[in-house]
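Position 448 of the sequence shown, counting from 1, maps to 448 under full-length UniProt numbering, and the rest follow consecutively.
Have a look at the structure below, then the notes.
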Amino acid sequence: MSAPSEPSGPHGERGDAQSSPEATTTTTAADNSEHDSPPEEKQPSEGNSKSAEDSVPASEKKKREYREMEEHHEPKHAQVDMSEIHLKAEDLYDKEKVDLETIEIGDVFQLLECDEGGLSEEEVQRRLDIFGPNKLEEKEQNPILQFLSFMWNPLSWVMEAAAVVAIILSNGQGSPPDWEDFCGIILLLFVNSTIGFYEERNAGNAVKALMDALAPRAKVKRDGEWKEIESSNLVPGDIISFKIGDVVPADCRLTEAINVSIDQAALTGESLPVNKKLSDQCFSGSTCKQGEAEAVVIATGPNTFFGRAASLVGQDDDTTGHLQKILAQIGSFCLVAIGIFVIAEIFVLYAGFRYQYRRGLNNILVLLIGGIPIAMPTVLSVTLAVGATQLAKYKAIVTRITAIEELAGVTILCSDKTGTLTTNKLTIDRSTIKTYSHFDVDEVILLAAYASRTENQDAIDMAVVQALGDTARARKGIKLLDFKPFNPVDKRTEITYREEETGKLKRVTKGMTGIIIELCTRNKTEELEDKLEKDVEEFAQRGLRALAVAYEELDGDDPAAEGNGFELIGLLAIFDPPREDTKQTIDDALAFGVKVKMVTGDQLAIAKETGRRLGLGDHMYPAKVLKEGPGPESQYKNLDEIILDADGFAGVFPEHKYEIVKRLQSLGHLVAMTGDGANDAPALSRANVGIAVEGATDAARGAADIVLTEPGLSTIVHAIRQSRIIFQRMRNYAIYACAVTIRIVVCFAVLAFTYKFDFPPFMVLVIALLNDGTIMTLSLDRVLPSTEPDAWDLVEIFSYAIAYGLYLTGSTVALVVVIVETNFFTRKFGVHLSNTTGPVDRNDPQLHMIVYLQVAIISQALIFVTRSHGFFFMERPSIALLLAFAVAQLVSSIIAAYGDWGFTQIHSISGGWIGIVWVWNIIFFIPLDWIKFAMRWTVIRHLRERRMRKAQHALKLERTTSRVASVHESLYANRTNFIRRAARAAHKIGLGGKVRVRPEELERIGSIQAATTGQTLQRHPSRPLPGPSGEKAAGPSQAA
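If you want it as structure tokens, here you go:
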């Protein structure tokens, strides 16, 4: 027996990693497995028997297999002709030809044309030319081209066209270029581009973060001698060495391994560090937690597991930002409206009215400047930037501001498990502990804690000791006489101690189930072994890691003496528990209409158990289905149906996560992805919204759009809610901006056609500047978030805009008609234009100013109608919006009263005219709410009902061709929130909580619920269903 202390040192401690086989008591999953198989298909582990085997006759000994969660893959010889494989990346990394990760280590040396003495410097230089350096390439973007790219979109094209017209085409017939309009347009264009350029340059660079994570130095054998070099100079075939604390510099196969444990959680998503033995593979970027090793390099740079993840991060060339798509479509709407009336003006003004070149061009310039929402990108950028600042209060850092808009429309949240949904910290599950003796659960935990280290703990020992609550109890009331730490041979720990209260010597051991039960000799029966075997298999099916505990007493005072025989007293269940707020977060996400799917690199059984505990469900698949697709007897027709219906996937690699996100997007969903490891980076980058949780690696943070700075996912719910508030602000502005486009284009075209009205282009620019200055404050407006994913229903937006625009056009045209065709205002209020005698000049500078004031005031007032769902006065706007509106009206009125500008055709008007315009606008403003209600009850209702009918037919999953349409269809899933809202509203107004629902609504809900419930019952029967041979067909038992 060793001294009564807890020894430390390379062979005495298990390190902080469960790679020690004590962790493998249940397994760390990794023994180089690909995690593709469900637990039922895993090979059982075989424990090494001890002396207890001798005490039982061979004829009576029953060979038992405790099916814990270990996987073993023996290396195989390469199944190809070695002479056909050449030393080049095309051959070595084509897994259809040869897999360097799994073949015999001898074949690796043969294929890589190397030996254990290392490569020569000449050979290294040759291989550097073939394979390139061991680092990831970083693509630098030209900042000038990046800045100019913000001027290449439909909105900018119209702005640029107006600038060209103002400075070049309008230069003729003795008139100078229109410098005022040109400068104003160019200024707005550059402001918009500068904001976008600044935001994009500040976004995280995922590829750079992945580069920084690589080990900078490596110990390598060259020409038979060990030396330290830059890791970027490593090549396939190099012999390297690493020890505890080192970062593995390249993908390699172990040629020597002394008690090696590797933490590769950030790469593969596995909960625990993994035991590595001779010929096993180690990934570049993983960390050695225990032991030391020598290895042969099999892949470097972009060919490594790490490098493949990095290359996937940049593969977003086929996707355009969602907000950019919407802006392009809004710009196209405005462009079409402008184009129609510009062409009409060309024919009418030049062919019909015989206008001179410059006069007609000024009218066209009015449509170009006033028709396009010049500041829309700027307004939306400011709105998003303010939203990012507000999200920072919830500890969420936004690295790409347009992700806020996309988060509002997210319909599916794909979440990594390890460290995201769970704590990535082992815990004893007290509710599932099994006892086999007179000891109760608390006593079993206490005895297991005795057999654990209290210093230099690994995760297993820490979990056991912390299960006591008071960690001091692990040594309280006992005197430690001898402690045997974990070692790879015995696969258990053991303590011999004296109980201070009784003075008796006792011994406790804990470890791998197969090892512990073989040690036991006391009270060991067939019934006990049957029960243990069943319990271990149940744990394995549920993804729980089993840790057996045995106990014996000693006679006398010799701690080295034999005891009265070990007795099995308990089986501990170890698991990585969900974070405290994860379940509530998932429930909140579901309440917001967001479906949550788990996508993890961990094993299938573990994923299912976590899903059950979180209420996600356990309808999960191994990664192999992503490659093989549905089987011949599957209820699914294609892989898309599986991905859409599954609760999650397990054993996935970066390529799988990336593919899952990509396919969901192709089905019309906006997808958010959460994660914390380098293995999550490609999917985070591909997702519409990538979210890196607290404690994420640099690679994950660099690829993400939103980075959380505090533990848990609750911040995501705050972010979703805040993003929907921001979305409502942008939607309100979009309706407003499109309405103003219709109102300007149609209004001034009609006036030009009817009265040859030549409105000065510069005043349209002034209107636009005042309008957009007011609208900037929408970023602080008070709005209510929706309870379902938001989507840009552009048909609905354009319908509202056309209705508002035509109505406002009518208000302006009616005012001009009254002034030109009658003397009503002169007769009633004594006001006059410049020409006090004779007919009214239709291009009187004062008439221009009256029209300017009328358009400016009522256009700005329109925002109060578009921002509210009911009457405009029922939803209080923000103070900032009210103040900005008041200032803009004051400025407009001052310009009208004193604006005698020689470079444009306007003249100041009297206070009487200003008062008339104000009253006129108030009269025409009041019916705007009724227009909104009329649209909602007719056109919008029809559009929504048509969309609802499409949603009913969308129950049968099909790949959609239209992204926008499919997003809308995905929103109309089974949601009953509107019933609860209606109930609350009815209760407030005294209807006793009674709710009336249209029959078609009930039919829609009922049909979807019936389909969903049928599928759910099929997956989770309430009672065992008889299988073909009478056994239960139901899946693994539910968690307690």
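Each residue gets a CB set at the ideal place from its N, CA and C atoms; glycine is no exception.
Cβ pair residue i, residue j closer than 8 Å
i, j, result
"S786", "R724", "yes"
"D647", "K583", "no"
"K434", "D535", "yes"
"I914", "A888", "no"
"D238", "V297", "yes"
"G565", "L554", "no"
"residue 1056", "T774", "Residue numbering for the chain in the displayed model covers 1 to 1040; residue 1056 lies beyond these limits and cannot be assessed."
"S279", "F306", "no"
"V813", "L751", "yes"
"A672", "L391", "no"
"Q728", "V818", "no"
Reduced DSSP secondary structure (H/G/I, E/B, other) of residue i
i, result
"K479", "strand"
"P785", "coil"
"L616", "coil"
"T471", "helix"
"P622", "strand"
"L446", "helix"
"P1024", "Residue placement at P1024 is flagged as unreliable, the pLDDT there being 39, under the threshold of 50; a coordinate-derived value is accordingly withheld."
"R996", "Residue placement at R996 is flagged as unreliable, the pLDDT there being 37, under the threshold of 50; a coordinate-derived value is accordingly withheld."
"P654", "helix"
"S175", "strand"
"T194", "helix"
"S381", "helix"
"W901", "coil"
"A696", "coil"
"E518", "helix"
Exposure of residue i, with buried meaning 16 or more beta-carbon neighbours within 10 Å
i, result
"H669", "buried"
"R579", "buried"
"A58", "For A58, the predicted structure reports a pLDDT of 40, less than 50, and the residue's modelled location is therefore unreliable. The matter cannot be settled from this model."
"E518", "buried"
"P236", "buried"
"G675", "buried"
"residue 1041", "This structure cannot settle anything about residue 1041, because the visible part of the chain is limited to 1 through 1040."
Spatial distance of residue i from residue j (CA atoms)
i, j, result
"F242", "E294", "7 Å"
"N362", "F757", "11 Å"
"Y807", "D844", "25 Å"
"W157", "M151", "7 Å"
"E1003", "R949", "The pLDDT assigned to E1003 is 34, lower than 50, so where the model puts this residue is not dependable; a value taken from the coordinates is nonetheless given after this. E1003 and R949: Cα-Cα distance of roughly 11 Å."
"A560", "K135", "55 Å"
"L532", "D429", "17 Å"
"L327", "E796", "15 Å"
"G615", "G370", "53 Å"
"Y804", "I916", "22 Å"
"T102", "L447", "41 Å"
"E694", "Q635", "39 Å"
"N205", "R400", "Low per-residue confidence applies at N205: pLDDT is 42, beneath 50, and the placement is therefore not dependable, though the value from the model is reported in the following sentence. Straight-line Cα distance between these residues: approximately 11 Å."
"G631", "R308", "29 Å"
"E526", "F439", "20 Å"
"S834", "P789", "56 Å"
"V764", "I706", "39 Å"
"K484", "T454", "13 Å"
"L568", "T502", "22 Å"
"A337", "K393", "42 Å"
"T427", "D602", "17 Å"
"E659", "H718", "28 Å"
Unbroken beta strand (DSSP E) run spanning residue i, endpoints
i, result
"L368", "Taken as a continuous stretch (DSSP letters only), L368 belongs to no beta strand (DSSP E), being part of the alpha helix (DSSP H) at Y357 to G371."
"D263", "D251 to D263"
"C414", "I412 to S415"
"I857", "Per DSSP, I857 belongs to no beta strand (DSSP E); it is in the alpha helix (DSSP H), P845 to T866."
"G675", "V671 to G675"
Segment limits, alpha helix (DSSP H) that includes residue i
i, result
"I460", "A459 to Q466"
"K534", "E526 to Q541"
Chain C contact for residue i (CB, 8 Å cutoff)
i, result
"K479", "This model lacks chain C altogether; it includes just one protein chain."
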